[in-house]
Structure formats: C-alpha cells, structure tokens
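Data block below; observations after.
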Amino acid sequence: MLEKQMIKDSREILVNSKPLGWVLEPDAKQLMKINSLDIPDSILTDSFEQAERFLKKVGSPVVAKAVSKKILHKTEYNAVALGISSPDQLKSEFARLQGLEGCENILVEEMVKGVELIIGSKNDFQFGPVVVFGIGGTSVEIYNDTAIRMAPLQTDDVVSMVDSLQAKEIILGHRGKAGVNIEVLTDLIIKFSHFIMEFENEIESIDLNPVICTQERCVIADARVILP
Amino acid sequence: MDLKCLFRPSTMAVIGVSTTLDSHPANVIYNKNHLRYPVKTFPVNPKGGLLNREPLYKSVEDIEENVDMAVIAVRSEFVPKVLEQCIKKGVGGAVMISGGFAESGNLEIQQRVVDIAKEASFPFIGPNCLGTYAPDYVDTFFLPGERIISPDKGNVGFVSQSGGVLVDQMVKFAGQGIGISLAVSIGNKACIREIEMLEWFEQDIETKVIAFYIEGFGKGEGRKFIEKVDICSKPVVIIKAGKSKKGIEAVSSHTASLAGDYRVFSEVMKQFCVAEAENEYELTSFCESLSCHSSRITSNVGIVSLSGGHGVIAADACELNGLSVPRIEKETRDAITEKLSPGIKDIVSLVNPLDLTGSCVDSDIMTCARHLFRDKNIECVLALLIPYSPGISADIGAKLSQVARNEGKPMIAYVPNEDKYRIIIEGFELNNIPVASSVEGAVLMAKALKRCKPC
C-alpha cells in the first residue's frame, strides 16, 4: 500500500501536469522517486557550468536530454545525447539540445548500462489498470516481446511474465553472462502495479522505457506518463 | 438473484403463442416443452383463442398456478407491459426471446425493460436471445427439436452472447459425446450477464466445467468477471471473438499500442488460469477433457501408441502446444520390458513416445500405461489406440480406464470416431476417460489440463 504523503505528493504532480496532458520527464521521474522507484542521479539545469560540475561529480559518462513541452517522443527529435564523457562533448550537445523546439531545460543524468526493459501500464476499458513488461528500448514495438498482467501483481505474476518472454535468457542470464537482479526487478514491478491502481482514474498510460537493469539495480532511465 | 426458477422451472408460461402461425418462436417453444419436457407449460396470448383445441390464457395473471418462469416472445413494444404482468403475478424470471431492442438501436425500450425488472429484482435472460436449454428440465430454444442436434445431459455449462454460435457448438458437443448441464444464450445481456452465469454455475452441482463464448465486456466488467473466476472452484473455458486490432493505431504510448484490447484479454485470462480456446475445435476438446479430469499438469506427457507415426505426430503436436514429452526413467523401461509379450520385446521402442507396434496385445498397452503413470516424469498419458490390430480387444477402453483410475493420473485416449469402434470409445467414456477423434485433439485435451488451475 502507498503511504498518504506519497499519494499527496504524487497527486500534486499529476494535477500540475494536467493542462499539458502528459508529465514532463523530470516530473515523471520525481513521481517515480516519490513512489520508491529507482531513478538515475541527475541535474535539471539550463546552465552548462552546472552540467559540467555534474559530469565531474558522476565521473562516468552521462546522458543529456532536452526537456520541452513540445517534445513527447524524444527519439524522433534527436533530443537525447548518450555517452557524454568530456566537457567539450557536453558543451556541444548542450548547445544543440537547447536549440530544439521549446527546450526549457536540460536533464543531465548518470548513464547506467545494463539490460533495457519496458515496464508500462494502461488503463484497459474491460480490465482496468494492466502492467506491460518485456524487452525494452526504441524497437519495443517491432519485437513486441512483452507480457501483460492485470494489476496489482504478486511475485508469481512477475515470475510468469519473465518466463513467458521469448528473450527471457537476456533477463535470466545466458552464455555465462549474468542476468539482472530478479528480486529488485520484482519489487519494482509490484510497487509500480500498486502505484497504477492508486491512480487508476488520473493516469491513462505509462511507459517506463527503458528501465535499465543490472545485477544490482533497476533504474528508470526514461518515463512517459500520459494523462486522460 | 435466485436463478433456479429460470433454469429448473416446474411451471412455465409461454407468452406470445400464435393461433395462426405454427412456426412462431413461441409456438415452437410451447409445443416442445408441453409435449416432451416435465415442465408444466401454459400458452398465453393477449387475444385469447384456441391452440390445438386448448384455450389460450389472455394474461399470465390468469394462470391459476404459480408460474416459475415466463418465455416472452411478443413484439418489443409490448414487452414492458407483459413484464409488469409477470412481476404482478409473482413469476420468478423470464427468458426474452423478443428482438427489436438495443441491437436495432432501440435503447430506450431496452432501458425501460431493465428499469422495470430492476425495481422488482426480477431476473431475465436476453432480450434478443435464442433461449436456454437444460436437458431433462426445459428447452426454450426457439428452434424446432427436429432441426437441432442436442447434446445429452452432462456436466458442461455453456454461455454464449451469440445464439448462432451456441447452437452450432451444441452440435459439436453432441458429436463428441459431451453432455451439458445448461446452455444459455444471453443475447443483449441486459440483465443476466456472464458474471451472473458464472455465479450460477459455480454453485450448480450438475456443472463441472464452465464455458463462455465472449465478444466483449463492458467498462470494468472484465475485472469483476475475472475476480469471480479467481475464486471459482471449477475450470473456466473461454472462446473470444473480436480479436482484431481496430482502434489501437492512434495511441501515444508504446504500452498502449503493445496492449491492444484482445492481447490484454488473452493475457489476463492466462494470468487467472482460464483456458482460452483458439477456435471451436479447441473449445470442444478443452470442455471434454476438463469435464473428466480435474487434476492439473505442468507439461509432462507420456505417449503410448501402436504406431511409430502416431507417436511422432503426437509428440510434434505436444511441442507446438507447449507440452513436453520427457525422457522416461530406466526403471520404467525395465519394468515394462519385463512384462511385455515375448513376441514384441525385441521390436518395440520404449523411448517416449512409446511404440508397441501392431503386434501388441491388450496387456502390453496396459503394462505400458501403468508404468508410465508410475514414472515421476510423467503427469498424463496419451493412449493412441488405432484398433486395427487383431491383438486389441473390444474391452481395451474399459481395461485401460481401470489402469488410469488405479494410478490416479489423467489419461486421454485417441480412437477413430467410427461406429465400428463404439464399444472401445464407450469403454473409455463411460469410465470418465475423454476420447479424442484425432491425435491433435488428444493433445489439445492434455493442453487443457495444463492451463487449468487445480480444482
């Protein structure tokens, strides 16, 4: 069950985002964080200097994304710059992203590497909130290797979802390559399923894609929340 | 809502019987129940008159006795009035055959009927439905008895939104020797819907398997239905129509486009252990299998056949349907070998699928089945019996059934569906072992046990 304060804070974000019809990525990430879901370490800024300090602090490659009310599907606008490791690179990408339509801020995040999964939800007409889980990334619709379950979910449901995927070995480990931390993944999916039950009437659909899973963490690298 | 009056009535009024048109739906229903069913049937027509030299009642209220249920087969504009009369009379429920409601755009009149019934807590089936059929009790299908092939009494309950699909499925059930406890066409489902039928069948001791033909649920109704299924102690089988991707093209998120209406439906059914049949053929196989076996298997099937080819075909079909045909233990092979007829010891293949060849006799098949059942890797045995070999007796069905019952695991048989082999088929079926008329059908029956939750 969700705690009262979590619900209150979440609702505030949803209400504020209502005029736009969807939740801007930094707010969507905040929404996930409020609900105890793991998001990357990040900074939201319009200053290159701040971004540069963040790059130094993280000490590993970062991702920079344009935050714009005009851009819902970032890939289509080339609004994501991956694997930035030097201040020079950051500088040029920063300038390029700021030039994109409606760009208000730049979201700079630590870049986590691992298995890319999708965890999503949809408010189904017949069954109410359902969770979609599967192999993520930008080609998710092409592979469509996903499973769907009615929320809220239990541990068994997550096990059967993983088991029903064609590419389950990617999650479970294959050819000597370790899989993801199933306990952390299960915890994330179950928490997410309770979250979408709570906000059944306030959220139309959610894409957490990709959720990047390693042996330690499952981090929500991108979140898109569509409102009714 | 007590539906006993509707499905097990002692008395029934048929409202709308014609004095001039023998083929009128009400006349068809009146005649067959009056002549062939134990339910006492009263013909009603507001104009009165005579039918077969008997007077018609002008109103249901004129009937001297209590009326358990009414069949309403009058024009839609008269239905509200007739319904009010039924309520006044204290009738327990109605089957509304009449059309001309929501299906033809007349939402207002359907709503009026719903409101009247709701206020009086009066249950009804339909409108715009084919009717109900409970073998040995009542038959309100408006089709003449000589036109349809009706299954015998059995333990499958079937609910369909479409009357056409329902009657067609009755023919298929009858052909496979599957008996039904009750078949209901819910039509426009303005009052009694899938959920109420599920509740009825759950408590009905004559029903063991509950099957549905579903086109779609209302808003949030699927969730309520599945929550009921979750606590239902009987296996539920579903066939879904309307699987196209219409209406999901213009969506703004990946998830919404991945989770089209049918995909969600199908995945949720799987989540709650509902056996979803892909077609009518599967539906029939699932119902037959689940009406005999309540045990659940995970996936491991042992196959015994008299022909290598049949074994391979079955093993292929198993793989295609998510079942495995595992290796059997050495002890199992040794135990079988020890007891086999000397003449076949050197020519059989005791690798799953087991091939006993056309030279085997009854006792060889029984030995194999017995030890397959005892193997820890095997959960279910498929006995593919091609009864062409002289060593197979007419008693093999009954004998093998006994083995299965002794060992306590499910058996499924394949025997060609020919009159000549009737005695073998009945040897199985009368002992609660389902018989498929094709190898693939037998595999589908095993698949039904995999999907079913333990009951």
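If you read the protein sequences in the order shown, they are chains A and B.
According to the working numbering, the residues represented by the first sequence are 1 to 228, in order.
According to the working numbering, the residues represented by the second sequence are 1001 to 1455, in order.
We treat Cβ as the ideally placed atom computed from N, Cα and C, and that holds for glycine.
All figures in this text were calculated on a predicted structure; none of them were measured in a lab.
Q | Option in T186/A, I226/A, Q98/A and I203/A with minimal Cα separation from L117/A | A | Closest option to L117/A, Cα to Cα, is T186/A.
Q: Check the Cβ of G1216/B against every Cβ in chain A and list those closer than 8 Å, keeping chain order.
A: Chain-ordered, the chain A residues with CB closer than 8 Å to the CB of G1216/B read Q126.
Q: Give the range of the alpha helix (DSSP H) segment to which D234/A is assigned.
A: With chain A covering only 1 through 228, there is no way to say anything about residue 234/A.
Q: Look up N1457/B in the DSSP assignment and say whether it is helix, strand or coil.
A: There is simply no residue 1457/B to check, as chain B begins at 1001 and stops at 1455 in what is shown.
Q) Going along chain A in order, which residues have a C-beta closer than 8 Å to the C-beta of D1261/B? A) Ordered by position in chain A, the residues that pass the 8 Å Cβ test against D1261/B are D124, F125 and Q126.
Q: Taking all protein chains shown into account, decide if L1372/B is buried (16 or more other Cβ within 10 angstroms of its Cβ) or exposed.
A: Result: buried.
Q. Tell me which same chain residues have a C-beta within less than 7 Å of the C-beta of F1217/B, skipping the five on either side of it?
A. Closer than 7 Å at the Cβ level, and outside the excluded window around F1217/B, lie F1225.
Q) How big is the Cα-Cα spacing for L229/A and Q98/A? A) Residue 229/A lies beyond the stretch modelled for chain A, which goes from 1 to 228, so this question has no answer here.
Q) Going by C-alpha distance, which of I119/A, G179/A, D41/A and G83/A is nearest T214/A? A) Residue G179/A is the option with its Cα nearest to T214/A.
Q: With distances taken Cα to Cα, identify the nearest neighbour of N1052/B among S1018/B, F1078/B and V1060/B.
A: The shortest Cα separation from N1052/B among S1018/B, F1078/B and V1060/B belongs to S1018/B.
Q | 7 Å CB neighbourhood of V80/A in its chain, flanking five on each side removed | A | Apart from sequence neighbours up to five positions away, the residues of its chain that approach V80/A with a beta-carbon distance below 7 Å are V63, K65 and K74, ordered along the chain.
Q) Which word fits Y1388/B, buried or exposed, when buried means at least 16 other C-beta atoms lie within 10 angstroms of its C-beta? A) Exposed is the call here.
Q. Okay, do the region 1147 to 1161 of chain B and the region 1178 to 1185 of chain B touch, 3+ Cβ pairs below 8 Å being the bar?
A. Output reads yes: the region 1178 to 1185 of chain B touches the region 1147 to 1161 of chain B.
**Q.** Contacts around I1097/B, its chain only, beta-carbon distance under 7 Å, and the 5 residues preceding and following it disregarded
**A.** Residues of the same chain with a CB within less than 7 Å of the CB of I1097/B, apart from the 5 flanking positions on each side, are P1025, V1071, I1072, A1073, G1126, C1129, G1131 and F1142 in chain order.
Q) What residues of chain A sit near Q1271/B, judged by a beta carbon separation below 7 Å? A) Near Q1271/B (Cβ distances below 7 Å), the residues of chain A are R149, M150 and D157.
Q) Using a beta-carbon distance below 9 Å, is S160/A in contact with chain B? A) Taking Cβ atoms only, chain B reaches closer than 9 Å to S160/A, which makes this a yes.
Q: Output, in chain order, the set of chain A residues within a Cβ distance shorter than 8 Å of G1322/B.
A: Those do not exist, as G1322/B stays about 10 Å from chain A at its closest Cβ, beyond 8 Å.
Q | Cutoff 9 Å: F1212/B Cβ touching any chain A Cβ | A | No, its Cβ sits nowhere closer than 9 Å to a Cβ of chain A.
(Q) To the nearest angstrom, how far is the alpha carbon of T155/A from that of E198/A? (A) In a straight line, the C-alpha of T155/A is about 19 Å away from that of E198/A.
(Q) Short of 7 Å in beta carbon distance, which residues of its chain neighbour E1249/B, apart from the five on each side in sequence? Order them along the chain. (A) The predicted model places E1249/B with a pLDDT of 48, which falls under 50 and marks its position as unreliable, so this point remains unresolved.
Q. Given that V1268/B touches chain A, what residues does it touch there, using C-beta distances under 8 Å?
A. Residues of chain A whose Cβ lies closer than 8 Å to the Cβ of V1268/B are, in chain order, F127, V130, I148, R149 and M150.
Q: Quick one: list the residues of chain A neighbouring R1296/B, beta-carbon separation under 8 Å, in chain order.
A: Here the premise fails: no neighbours, minimum Cβ distance about 15 Å.
Q. Since V1229/B meets chain A, which of its residues come closer than 9 Å, beta carbon to beta carbon?
A. In chain order: nothing, as chain A lies at least about 11 Å away.
**Q.** Three-state secondary structure assigned by DSSP to A1314/B
**A.** Collapsing the DSSP output to three states places A1314/B in a helix.
Q: Would you list the one or two residues that DSSP bridges to H174/A?
A: Partner(s): K177/A.
Q. Taking contact to mean at least 3 C-beta pairs separated by less than 8 Å, is the region 1343 to 1352 of chain B in contact with the region 1292 to 1299 of chain B?
A. Contact between the region 1343 to 1352 of chain B and the region 1292 to 1299 of chain B is absent, with fewer than three C-beta pairs closer than 8 Å.
Q) What are the boundary residues of the beta strand (DSSP E) that includes F1042/B? A) From DSSP, the beta strand (DSSP E) with F1042/B extends over K1040 to V1044.
Q) Does the Cβ-Cβ distance between A151/A and K29/A come in under 9 Å? A) No. Outside cutoff.
Q.
Quick check on V1325/B: does DSSP put it in helix, strand or coil?
A. V1325/B: coil per DSSP, three-state reduction.
Q) Among all the DSSP beta bridges, which residues are the ones paired with G102/A? A) G102/A pairs with nothing; no bridge assigned.
Q: Measure from the C-beta of G120/A to each C-beta in chain B and report whether the shortest distance is under 9 Å.
A: Taking a beta-carbon distance threshold of 9 Å, G120/A counts as an interface residue toward chain B.
Q. Near G1247/B, which residues of its chain fall below 7 Å by C-beta distance, leaving aside the five closest residues on each side in sequence?
A. Residue confidence for G1247/B is low, a pLDDT of 46 falling below 50, so the modelled location carries little weight; the figure read from the coordinates is stated next. Cβ neighbours of G1247/B beyond the five flanking positions: none.
Q.
With a threshold of 9 Å between beta carbons, is I1226/B in contact with chain C?
A. This model lacks chain C altogether, as its protein chains are A and B.
Q. Rounded to whole angstroms, how far is the Cβ of E1194/B from the Cβ of I1214/B, which I believe are closer than 8 Å?
A. Rounded, the Cβ-Cβ distance is 7 Å, consistent with contact.
Q: Could you tell me the distance, in whole angstroms, from the CA atom of V1439/B to the CA atom of M1269/B?
A: When rounded, the distance between both Cα atoms is 26 Å.
**Q.** Coil, strand or helix - T1456/B by DSSP
**A.** It is not possible to answer for residue 1456/B, since the shown part of chain B is limited to 1001 through 1455.
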